[in-house]
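Below is the structure:
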């Protein structure tokens, strides 16, 4: 009988499991695939405050420290690199957005200032000369998301967490004594645990349904584009005020282009394919922001599924109406804040007071998804 | 012209094209990769981590070893043909020129 | 961005694709034939450069004749062709996105025939990435199409029918061959003789090649491979090694060393599955056909409706069989689109399948000689680069596997093997073989997930001309 079973091996689940184990619990973590192979392994790796929701800034700032220090607490880094963050405005409307977004984040403690295009070009010489204004934050940077699974795998095994990859859960039987986790096709013996943590990203909705809780989670199908290695053309992390560009160049010279342009896909099939007009749009925005990128050749395009709740804030806390059941996920820019969210989730489960407030799942019950 | 075979074909017009600012003798229509190879320029780039010398390998546009710059385009030199006006830059030459 | 419509898009204008296009057109279908090269012919029938002519009096080879005849037929039939176009994406409904000299273009076919042929497999050894070490297929293209020698004195190594063809071709063109190293044994070759029944022309050609090598005093070493190539002065020193039937090196102090100024090496051909993997067709591992291939019926229908495969890209069966295979796929396509009645289909199909079977016999025998041997990767030293694009060594691949990487995609994430611009074409087969040593089988290791772009394309090529106002920016992110 485990003290806790975490279902979902992304950054949220892995961080929760790791902190629970280090807090003395006997923990198992289960994923239907390898660790961190969904959103957590395929996202753009942006560690920014500009595109993090204002309310999440305090969490993201603490998580930023954790990513930069990953070698210490995780044992293995994800090449987290500090770089200045610039969010760009090319139109008057975008200028207003830059001011608005900077102010909202400053109120939450983010050191963001609005700067002139001249100052922006001192920080990032390759910017389009059509730039009107920029938001600037020195607490910014990026990680190589695809390294996350290997890093957490090591740490979890080191903390004696039972890691069950390629094990698909099909049902959870819950009562006051605890939970029984059943696997698809009966390929494994069921596991028993006192506590259960649902950390399934976009699959939190069907997971909650296992427990009889009906709560919609929206699925975003984000397109990502990476170039081959190119000469250094940028040294900051770039976004656009409307939120639809993320752009960075890694130490190896590859440039990763994202920003949430949508492709085709859904929860059942995963990411299916990119939408050509959205590839074109994303690439145009990137090549507009940094004109030197026009020559860069694309090596790979892929898709990642991101979860969003009805009020676009995370769902972190007790599963409504089910004893000893917890849920963690759906933070916009969840990769950025993931390690810290896992820590406070674990604090709560361990009976401690979390360093920062959680995000009460009960608030979402009965709240309709906008546009539904 | 040591490596060009002599008997089986009659080649097109002899031309010179620019490679890293230097003129190279070739024949119109030849693949640029082949022309560079025949001119003794077998090293075309350096590998990313080890800095090891690399040159043409597959001749069919798959391996991406024979890349060169033609203007603003990075292309497999095995997939472009020599012409009198052609100006080609190797990857390291362009990098060192542009920074 | 509105795509133009057509009935069938044929990708690849080699022996299979060109024949498929011709047959589809003859069935009354609207056809588009695309190829990134400047004319039809594929790898095996590459034309000589534009502006070159065959010298009067020099007999063009059978291949040159066949290639020219095919190109002429495609032109005569008025097949609509898009040469010099790179196919970079195919959507799940088969919409095809291409980049050509005039920019982006999209087509929406009702069916797609993928006839993209193969790429070359080279089992890595120290020095295989040095300039002047080139593939066997590459040497074939240099010699046959560009009429350029790989070097003054070339060492030829590997497996399969290209060995003799390249070595003899070098001699015929006035070059020297330092040696020929063949993983196969004489017995392996003799066992292919029955497949040559009905192809006395090929048998005769093979014997002529051997005679030419003998006359020139070229050492031909069976059951030998390259142990290492080292740059020495302006040339190479090639250390050889004996191998057993599985390709595994046998320690032998006496294995000869050769001096050469060029090395051409190839260990077989691997079917191109970029398009079929991108469209998530089911694949199977068939070592005797070259490796992973799309599961397909005898007419080339894959597990994806509307997607057909033909030619060596569907599994190696040789150039002669490729043409028949292309026609079979076109017929199946015409039938499936309702443009060919069942009786005519049956009749034509029977004839073509019979033709395919007799051609494929030789092709399969050659594929057998080229197939990746069980022990082939055993001798790869740990610090040998496997992924050329990213300099990933065997040691790093083994370390990732020890650390728990269970499939090709996890291996890619942990080592960057396959993340470079060749998109796993040069390393994928070898990396899969190495991973299989840890996870038990090629099937367990799997393939790299197919992704767009099918070939690298630049942002400029995809973005085209635009202003900021042209960018369709959706609504702002939540505050």
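Protein chains in written order, with our numbering: chain A, 6 to 377; chain B, 1397 to 1495; chain C, 13 to 491.
Here a beta-carbon is modelled for each residue, glycine too, at the ideal position from N, C-alpha and C.
- Counted as a single uninterrupted DSSP element, the alpha helix (DSSP H) harbouring residue 21 (chain A) occupies residues 16–27.
- Counted as a single uninterrupted DSSP element, the alpha helix (DSSP H) harbouring residue 182 (chain C) occupies residues 174–184.
- By the neighbour-count criterion, in which 16 or more other beta carbons inside 10 Å mark a residue as buried, residue 283 (chain A) falls on the buried side.
- If you compare the alpha carbons of A:7, A:46, A:8, A:27 with that of residue 14 (chain A), the shortest gap goes to A:46.
- Among the CB atoms of chain B, none fall inside 7 Å of the CB of residue 240 (chain A).
- The beta-bridge partner set that DSSP reports for residue 364 (chain A) consists of A:321.
- Among the CB atoms of chain C, none fall inside 7 Å of the CB of residue 187 (chain A).
- Inter-segment contact for the region 378–389 of chain C and the region 297–311 of chain C is present: three or more beta-carbon pairs are separated by less than 8 Å.
- Distance from the CA atom of residue 393 (chain C) to the CA atom of residue 422 (chain C), rounded to whole angstroms, is 22 Å.
- Residues 94, 95, 96, 97, 99, 100, 122 of the same chain have their beta carbon placed closer than 8 Å to that of residue 137 (chain A), with the five preceding and five following residues left out of the count.
- For residue 1424 (chain B), the closest Cβ of chain C is nearer than 7 Å.
- Here the alpha carbon of residue 29 (chain C) sits roughly 20 Å from the alpha carbon of residue 16 (chain C).
- Chain C places a beta carbon closer than 7 Å to that of residue 1434 (chain B), counting this residue as a contact.
- A distance of 7 Å or more separates the beta carbons of residue 354 (chain C) and residue 39 (chain C).
- Residue contact check for residue 433 (chain C) against chain A: a CB pair falls below 7 Å.
- Interface with chain A (7 Å Cβ-Cβ cutoff): residue 109 (chain C) is included.
- For residue 126 (chain A), not one C-beta of chain B is nearer than 7 Å to its own C-beta.
- As DSSP reads the structure, residue 191 (chain C) sits in a beta bridge with C:167.
- Interface with chain B (7 Å Cβ-Cβ cutoff): residue 240 (chain C) is excluded.
- Check the Cα spacing between residue 197 (chain A) and each of A:188, A:110, A:205: the tightest is with A:188.
- Counting along the chain, residue 355 (chain C) sits inside the alpha helix (DSSP H) bounded by residues 354–382.
- As the crow flies, the alpha-carbon of residue 18 (chain A) is around 24 Å from that of residue 414 (chain C).
- Scanning its chain for C-beta atoms nearer than 7 Å, with the 5 sequence neighbours on each side dropped, one finds around residue 357 (chain C) the residues 343, 347, in chain order.
- For residue 294 (chain A) and residue 435 (chain C), the gap between their C-alpha atoms comes out near 27 Å.
- Against chain A, a Cβ distance below 8 Å from residue 306 (chain C) picks out nothing, because the smallest value is about 18 Å.
- Cβ contact annotation for residue 196 (chain C) (same chain, cutoff 7 Å, sequence separation greater than five): 171, 234, 381, in chain order.
- Between residue 359 (chain A) and residue 353 (chain A), the beta carbon gap of about 5 Å places them in contact (Cβ cut-off 8 Å).
- In this structure, residue 145 (chain C) places its C-beta atom within 7 Å of the C-beta atom of residue 241 (chain C).
- When secondary structure is reduced to three states using DSSP, residue 296 (chain A) falls in the helix class.
- Put simply, the backbone Cα of residue 42 (chain A) is about 24 Å away from that of residue 281 (chain A).
- Residue-level contact by beta carbon holds for residue 470 (chain C) and chain A, with a gap shorter than 7 Å.
- Boundaries for residue 250 (chain C): no alpha helix (DSSP H) harbours it, while the beta strand (DSSP E) harbouring it runs 247–255, taken from the DSSP string.
- Shown here for residue 110 (chain A): same chain residues with a beta carbon closer than 7 Å to its own, the five before and five after excluded, namely 54, 59, 62, 117 in chain order.
- Shown here, residue 100 (chain C) sits in a strand according to DSSP, grouped into three states.
- Per DSSP, the unbroken beta strand (DSSP E) holding residue 295 (chain C) starts and ends at 295–298.
- Close partners of residue 426 (chain C) in chain A (Cβ separation under 9 Å): 151, 152, 154, 155.
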